[in-house]
Amino acid sequence: MARDLANRFFLYGYYGQENLGDDLLLFSAITGICEICPGARFMVRSGGPIRGLDKIEASVEPVNVDNILADQSKGKVRRAVETLLAYRRCFRKCSWLIFGGGTLFHERKSVAPLVLLALICLLARLMGLKVAALGVGVAELKSPLGRFALRVIVMTSELFAVRDNLAYAECEKAGSGRRVMLTGDLVFGLKPQLRLGARDAIPPPVSPARHVALSINPWLLHDVAESQKQFEILAEAVSILAGRGWSVSLLAFHNADDGASDHNLLDVIRTSIPADRRSLVREFVLAADADILTDVFSSIDLHCGMRFHGHVLAAMYEKRFVGISADNKVDAICRLFGMPVLPLGAFDADGLIEAIDSALGLKINTKVLEMSVLNARQNFTALSSLVSPAYEHADAQSV
Numbered sequence: 000m001a002r003d004l005a006n007r008f009f010l011y012g013y014y015g016q017e018n019l020g021d022d023l024l025l026f027s028a029i030t031g032i033c034e035i036c037p038g039a040r041f042m043v044r045s046g047g048p049i050r051g052l053d054k055i056e057a058s059v060e061p062v063n064v065d066n067i068l069a070d071q072s073k074g075k076v077r078r079a080v081e082t083l084l085a086y087r088r089c090f091r092k093c094s095w096l097i098f099g100g101g102t103l104f105h106e107r108k109s110v111a112p113l114v115l116l117a118l119i120c121l122l123a124r125l126m127g128l129k130v131a132a133l134g135v136g137v138a139e140l141k142s143p144l145g146r147f148a149l150r151v152i153v154m155t156s157e158l159f160a161v162r163d164n165l166a167y168a169e170c171e172k173a174g175s176g177r178r179v180m181l182t183g184d185l186v187f188g189l190k191p192q193l194r195l196g197a198r199d200a201i202p203p204p205v206s207p208a209r210h211v212a213l214s215i216n217p218w219l220l221h222d223v224a225e226s227q228k229q230f231e232i233l234a235e236a237v238s239i240l241a242g243r244g245w246s247v248s249l250l251a252f253h254n255a256d257d258g259a260s261d262h263n264l265l266d267v268i269r270t271s272i273p274a275d276r277r278s279l280v281r282e283f284v285l286a287a288d289a290d291i292l293t294d295v296f297s298s299i300d301l302h303c304g305m306r307f308h309g310h311v312l313a314a315m316y317e318k319r320f321v322g323i324s325a326d327n328k329v330d331a332i333c334r335l336f337g338m339p340v341l342p343l344g345a346f347d348a349d350g351l352i353e354a355i356d357s358a359l360g361l362k363i364n365t366k367v368l369e370m371s372v373l374n375a376r377q378n379f380t381a382l383s384s385l386v387s388p389a390y391e392h393a394d395a396q397s398v
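Quick note on numbering: numbering that gives the first Met the number 0 labels position 93 of the sequence shown as 92, and the sequence is numbered without any gaps.
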């Protein structure tokens, strides 16, 4: 294998979708791979422009492969075939297919995306690529076809590392637990970089009033029964906190120009707060920038909400959190750190306030945090043992 091909990676994730968590995952994946494979080059599955691409010190080529699937003028079979052909063109230039974190394996709306991923993995292997999954999530799979597709994906992978026990349990249900490695979420590996901004952070003034951050996920809110009622419960809870004289920061993680943008719903929450309390409620648009994240997370006492990487960031800055769960990833991180978690659609405003008050009496277990950082790094340690031999072989061939 020529060296220029040996160091070429196709990164698969939900990148380029204006989502903070996915931006952090991409940065972590590229940083970690470059450490074990200097000079690595990347093709990145991207749904649009990638924020902060200019800050990445590596060769990154975004490719929008899956726009073919959105073309409703073509039949499903034709779209699937054309998508696989597009991946084939990309894979000709790569030696690795890497799943770079996130809940990529699920069947929320349909099992079809999971089946397509299995076909993509088979295609990659037929073309001589190696496949690896780094710190990925696996949502609950209820169909036999979904579990079979996951088993195919795991069996075609040189390395399949999942981020938590619940993802591992899903792999076991699919009959592939023996081939799966338990590591951690990739974003925990960014802790050293994100904490750099803390050196210049100004400590917040001591005050009896608390500062709570709230995050939402419009996609999940819309899916829950009586979604409007659940939204009103969140707004009522914010109003109660502001009524205590507490500050509330509404955190926008997803900022695409579409109806599912966090900003749209957060703005409705803020404007629904009584005018005499509204000055205590502010919205912040987050970005994958150490200074921005440090300013926000250093100032809060607690993060409450639906955004998984909001909880990851809270833990990294040693802030408590309360999970609002619609899938197993939020359950898993709350269990890991011993923090409260409430099922979406199964609580009222008083219940949420009670969980917040309870969490404020807790502390982040620093030993668990340190282990989470080590587990995140373990993804790349495991990959290194697979990448290095091929990389060295390519060096020998080029001599």
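C-beta atoms are modelled at their ideal positions from N, C-alpha and C, and glycine is treated no differently.
Residue i (DSSP reduced to helix, strand or coil)
i: I215; result: coil
i: M315; result: helix
i: M370; result: helix
i: G174; result: coil
i: R2; result: For R2, the pLDDT reaches just 49, beneath the cut-off of 50, and the residue's location in the model is therefore unreliable, leaving the point undetermined.
i: K129; result: strand
i: H105; result: coil
i: G304; result: strand
i: G136; result: strand
i: F379; result: helix
i: G145; result: helix
i: L385; result: helix
i: D266; result: helix
i: K328; result: helix
i: D347; result: coil
i: V110; result: coil
i: P273; result: coil
Cut-off 7 Å between Cβ atoms - residues of its own chain near residue i, not counting five sequence neighbours on either side
i: R146; result: L140, K172, A173
i: L118; result: L83
i: D184; result: G100, G134, R162, V311, A375
i: N6; result: C36, G38, A39, R40, Y390
i: V237; result: L213, V247, I268, I272, V280
i: R276; result: S238, A241, G242
i: C89; result: F9, M42, V62, V64
i: A208; result: G244, W245, S246
i: I299; result: H210, V211, A212, S248, K318
i: S383; result: I35
Sequence-distant residues of the same chain with beta carbon closer than 6 Å to residue i, five excluded per side
i: G20; result: H308
i: E169; result: V137, L140
i: L25; result: Y14
i: S226; result: L220
i: T182; result: G134, A160, N374, Q377, N378
i: E317; result: I363
i: S58; result: R40
i: C333; result: G322, V340
i: L195; result: Bear in mind that a pLDDT of 49 at L195, under 50, signals an unreliable position, so the model cannot answer this.
i: L189; result: S27
i: L361; result: R319
For residue i: DSSP bridge partner residues
i: I323; result: L341
i: S45; result: Y14
i: L158; result: A131
i: R281; result: S248
i: I404; result: The chain is shown from 0 up to 398; residue 404 falls before or after that span and cannot be answered.
i: L96; result: F9, V130
i: H210; result: S246
i: L292; result: Answer is none; L292 lacks a bridge partner.
i: L181; result: V161
i: H253; result: N18
Cβ pair residue i, residue j closer than 8 Å
i: L343; j: A354; result: no
i: C120; j: F9; result: no
i: R87; j: M126; result: yes
i: V153; j: V179; result: yes
i: N399; j: H253; result: There is no way to answer for residue 399, as the model of the chain reaches only from 0 to 398.
i: V372; j: L335; result: no
i: A166; j: L115; result: no
i: I215; j: G304; result: yes
i: G12; j: A287; result: no
i: L285; j: A325; result: no
i: L149; j: S175; result: yes
i: I67; j: A85; result: yes
i: A358; j: F320; result: yes
i: I29; j: I55; result: yes
i: L292; j: L193; result: yes
i: A313; j: N164; result: no
Cut-off 8 Å between Cβ atoms - residues of its own chain near residue i, not counting five sequence neighbours on either side
i: G350; result: L341
i: D65; result: R44, G46, T82
i: L385; result: K129, A131, E157, L158
i: I352; result: A236, I239, L240
i: R91; result: M126
i: S142; result: E106, V110
Beta carbon proximity, residue i to chain B, threshold 8 Å
i: R91; result: Here there is only one protein chain, and chain B is not present.
> Which runs of the beta strand (DSSP E) spanning at least 3 residues fall entirely within the stretch 214-245, listed in chain order?
Replying inline: The stretch 214-245 contains no whole beta strand (DSSP E) run of 3 or more residues.
>> In chain order, what are the residue ranges of uninterrupted beta strand (DSSP E) at least 3 long that sit wholly in the stretch 31-85?
In response: Listed in chain order, the complete beta strand (DSSP E) runs (minimum 3 residues) inside the stretch 31-85 are 40-45, 58-62.
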